[in-house]
Structure formats: C-alpha cells, structure tokens
Amino acid sequence: MADNYIEKRMEDFKAQPATRPRTGMTLTRLLRKNRSYRGFDTSFRVREDQLRSIIEVAGMVPSARNQQVLRFRPVLDDEAEGVLRHIRLGGALPELHLPFAGTEPRAFIVICSTVEESKYVDMDLGIVAQSMMLRATEMGLGGICIGAFDHEPLREVLNLAYEPLLVLALGRPNEHIELVECCEGDNLNYYRRDGIHYVPKIRIEDLILK
C-alpha cells in the first residue's frame, strides 16, 4: 500500500459534493422520512459545508413578492451550547424533558427576517423551512423546526442583526418515528410507546372538502 494512500482517500472524500442525492429517494419517501426528530447521534458531527448546502435551497424556492427577506445563521459545535440553553423541545411530552441527555442536537440554522414579520414573511418561512428539511433528509440527515425559543437571549448570544423567527436543529437522528392515520376531530398530539414516537395525521378523506 502506498504511503500516501490514506491522504489520497481523504482528498477524494473532501472533493465530493456536499450533497449527494440518495438513489430511489422519491418525494413521497422524502416526505415520510422528513419527521420532527428530538434526539440525535452526538457522535456524528454535521459539517459546515452541509449546512451551507441546506441554506442554498433558499435561493431556489419561491418567495412571496420575490422579496427574499430571510437570512440564515449557521451554528456548529462551539456555539451549539448557547443555542441549546434557549430552545424547548417536546412541548406535548413535558414529563420526558426532551431531548434526553446525550442526544442533544449540535448543529442549527437560525432563520431571521430583515423586515418586520408579516403574512408574506411567514409564507416564505414555511416554504424555506420545509425545503431545507427536505434537503437535509436527502443528505441523510434529519432535524426539527423549533418555534419555542427565547428570542432576545438567542439574538444576543449569536449577535444577530435581525429578529430570529425559527430555529432548525440538525443532525443524524437516533429516533424511530411512525405516522398514524386518524380522523378529523381525533386527538392530534404526538405520543410515545415502547420507544416509538407516533404522530397522528388526518386521513385524506377528511382533508378533502366536499
């Protein structure tokens, strides 16, 4: 084996694109895999180029009135603890105190707006956040969109010039999530049983207006 074999392999790896679509990953499969994960494999480290690839999606998706007012702050290892102190996960399962110790996310994207929040800004926020999570899923990652966080403390700790609207937590999930079909009027709270996280989703027959 050549002396520089390992170095050559590392160079080849670094030269690969940050995002490589998974074969057979249809939109339906992406949507089913794109769940709200609250526990992550902390031995896996999300890279800066992976966050950049996820943020690149914002330049491809529709924008209300094409204003493009959203801005994005990537957060990795050294700054992650500052974000963790100001977010809350698992509001429907307060007794579990999620995330469990040792499963905390270590990478984030904080989405901000350069203008005051409005219905048009919120349209963009929803489109961008979902598209980013689909890109992360395509890359083999997972995450969750977090709206429950301390706005001003987070803005201060990250020295943000604009108001934070949403926090995306990202990593390699270590949870198993299943969708459960339900009817309109049923309890829609997610729940856990035997280590599985269940998420009720209203059946198609009740979603279509007659």
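In the working numbering, each residue's number is its place in the sequence shown (first place is 1) plus 5.
Don't be surprised by glycine CBs; every beta carbon is placed ideally from N, CA and C.
For this session: Confirm the yes/no value for this check: CB of P110, any heavy atom of the ligand PLP, distance under 7 Å.
Result: The ligand PLP is absent from the structure shown, which contains no ligand whatsoever.
Problem set entry | Contact between the stretch 42–49 and the stretch 167–181 (3+ Cβ pairs under 8 Å) | Judged by Cβ distances under 8 Å, the stretch 42–49 makes contact with the stretch 167–181, as three or more pairs qualify.
Exercise. What residues match up with Y196 in a beta bridge as DSSP calls it?
Worked result: Bridge partners of Y196: Y203.
Problem set entry | Separation of A166 from R160, as counted between CA atoms | About 8 Å.
For this session: Taking only runs that begin and end inside the stretch 128–152, name each unbroken beta strand (DSSP E) of 3 or more residues, in chain order.
Result: Those beta strand (DSSP E) runs which fall completely within the stretch 128–152 and span 3+ residues are 147–151.
Problem set entry | Simplified DSSP assignment, three categories, for S41 | The answer is strand: DSSP assigns S41 an E or B state.
Problem set entry | the stretch 125–143 contacting the stretch 90–101, beta-carbon criterion three pairs below 8 Å | Too few Cβ pairs lie closer than 8 Å, so no.
Exercise. CB-CB under 8 Å to L101, same chain, minus the five flanking residues each way: which ones, in chain order?
Worked result: Closer than 8 Å at Cβ, skipping near neighbours: G95, R197.
Exercise. Between the beta-carbon of I116 and the beta-carbon of F77, is there less than 8 Å?
Worked result: The Cβ atoms of I116 and F77 sit closer than 8 Å to each other.
Exercise. Who are the near neighbours of H181 in its chain, counting only those whose CB is closer than 8 Å to its CB and skipping five residues on each side?
Worked result: Around H181: G200, I201, H202.
Problem set entry | Coarse secondary structure for I213, derived from DSSP in three states | Residue state, collapsed to three classes: coil.
For this session: Using only alpha-carbon positions, find the residue among P178, A153, R208 that is nearest to A97.
Result: Selected option, being the one with the closest Cα: A153.
Exercise. Would you report the Cα separation of P205 and K38, rounded to the nearest angstrom?
Worked result: Their Cα atoms are separated by approximately 15 Å.
For this session: Could you tell me whether the stretch 138–147 touches the stretch 81–90, where touching means 3 or more Cβ pairs closer than 8 Å?
Result: Cβ pair count under 8 Å is below three, so no.
For this session: Kindly give me the distance between the Cβ atoms of I207 and E189, rounded to whole angstroms, as I take these residues to be in contact under 8 Å.
Result: Contact flag correct, Cβ pair sits at about 6 Å.
For this session: Provide the residue(s) that pair with A112 in DSSP beta bridges, ordered along the chain.
Result: For A112, the beta-bridge partners assigned by DSSP are L175.
Exercise. Can you name, in chain order, every residue of its own chain whose Cβ lies under 8 Å from the Cβ of H156, other than the five neighbours on each side?
Worked result: Around H156: E168, P169.
Exercise. What is the residue span of the alpha helix (DSSP H) that R160 lies within?
Worked result: Here the alpha helix (DSSP H) through R160 covers 156–162.
Exercise. Quick one: complete alpha helix (DSSP H) runs, 4+ long, within the stretch 61–111?
Worked result: Fully enclosed alpha helix (DSSP H) runs of 4 or longer: 82–89.
Problem set entry | For T35, three-class secondary structure by DSSP | In the sequence as presented, Thr is not what sits at residue 35; that position holds Leu. Looking at L35 - three-state DSSP - the assignment turns out to be helix.
Problem set entry | Other residues of its chain near I151: CB distance less than 8 Å, five sequence neighbours each side excluded | Cβ neighbours of I151 beyond the five flanking positions: I92, R93, L94, L171, V172, L173, A174.
Problem set entry | Distance, N164 Cα to D191 Cα | Taking the straight line joining both Cα atoms gives about 43 Å.
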